[in-house]
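Just add 950 to wherever you are in the sequence shown, counting from 1, and you've got our numbering.
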Amino acid sequence: MKKILVFQHAETETLGNLEKEIRLQNLEYEILEVYRNPQFPTGKELEEKYSAVISLGGPMSVYEMKNGRYPWMEKEFLLLREALRLKMPILGICLGSQLLAHAAGAEVRKGPKKEIGWHWIRFDDWFSKRNPLTFQCDLSKQHIVFHWHGDLFDLPVEGYRLAWNDHYPVQMFCYQGNAVGIQFHPEMTEEMIKKWVASERDGLHRSGMDPEKILDEIPSYLPDLAKLCHKFFYGFATLIRENVRRAA
């Protein structure tokens, strides 16, 4: 089977628990460290070599694409548009979800407040029951998940919402049936959280946030987050296999 193409935008924003989930599904992946300005695949290579795309998080903003600060961003944006045209399965996380939403025609802009640490989301019951990534989740309750973002986006036209909260009304969405964007971070491991908090400790204090509280809450919330990650990727792997069968 073809590999999953993974766009990694920062050294510390890795696949995390998704790496384990990919291996559990006996799938293979190839990481493109875009922050090193590598050679990008062409649209033809995307179609011929890859079964799906995962776009991870990063500290950048989609609207910075206009000022040319990140030369790779427009290249990735165009490849995501091509992946949408090809109807490839796509999973976007945080920055990746924002790039995916923008590739689907939605506006991305600064949010009302930064959402960092452990905050709740709720699933949209009707759509989530029918989506392969979310149908196994407990849709009756709030889930406390890990966030690290300050931008938001509109729901793409013809997309549908899978999860929300009060500050960010689109926390998870689906477009074209097989492209899913997630604003929060289901992939987090304890090691990743500790590294992120350590690197931004002073900034968190200046923003009125308590880094120690974020760390103290890891035992309470990380196990459920890992379960969500497992269920999400099980569904995403199903989309990949269905897409491969259709193309055969």
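Just so it is clear, CB atoms sit at the ideal spot from N, CA and C, and this is done for glycine as well.
Remember, it's a predicted structure, so these values are computed and weren't measured experimentally.
Cα-Cα separation, residue i to residue j
{"i": "Glu1141", "j": "His1135", "result": "14 Å"}
{"i": "Glu1026", "j": "Asn1017", "result": "16 Å"}
{"i": "Asp1088", "j": "Leu1172", "result": "16 Å"}
{"i": "Ile1071", "j": "Leu1083", "result": "15 Å"}
{"i": "Phe1123", "j": "Arg1156", "result": "32 Å"}
{"i": "Val956", "j": "Leu968", "result": "11 Å"}
{"i": "Gln1092", "j": "Thr1139", "result": "21 Å"}
Identity of the residue in the options nearest residue i by Cα
{"i": "Asp1166", "options": "His1155, His1099, Gly1067 and Ile1190", "result": "Gly1067"}
{"i": "Arg1059", "options": "Pro1169, Ile1168, Ser1011 and Phe1182", "result": "Ser1011"}
{"i": "Leu1041", "options": "Pro1161, Leu965 and Ser1157", "result": "Leu965"}
{"i": "Ile1168", "options": "Arg1111, Gly993, Val1095 and Leu1154", "result": "Val1095"}
{"i": "Gly1061", "options": "Asp1075, His1069 and Asp1104", "result": "Asp1104"}
{"i": "Tyr1013", "options": "Ile1143, Ala1056 and Ala1129", "result": "Ala1056"}
{"i": "Met1023", "options": "Pro988, Met1159 and Pro1039", "result": "Pro988"}
{"i": "Glu1137", "options": "Ile1004, Leu1034 and Arg1031", "result": "Ile1004"}
Environment of residue i [buried if 16+ CB atoms lie within 10 Å]
{"i": "Trp1146", "result": "buried"}
{"i": "Ser1047", "result": "buried"}
{"i": "Ser1001", "result": "buried"}
{"i": "Leu974", "result": "exposed"}
Assumed close pair residue i, residue j - CB separation to whole angstroms, cut-off 8 Å
{"i": "Phe1077", "j": "Leu1112", "result": "6 Å"}
{"i": "Ile954", "j": "Tyr979", "result": "4 Å"}
{"i": "Gly1100", "j": "Ile1043", "result": "Incorrect: roughly 15 Å between the Cβ atoms, too far for contact."}
{"i": "Gln1266", "j": "Tyr1118", "result": "Because residue 1266 is not part of the residues shown, which for the chain are 951 to 1198, the question remains open."}
Range covered by the alpha helix (DSSP H) that runs through residue i
{"i": "Cys1179", "result": "Ile1168 to Ala1197"}
{"i": "Asp1075", "result": "Asp1075 to Lys1079"}
Where the beta strand (DSSP E) through residue i begins and ends
{"i": "Gln958", "result": "Lys953 to Gln958"}
{"i": "Glu980", "result": "Tyr979 to Glu983"}
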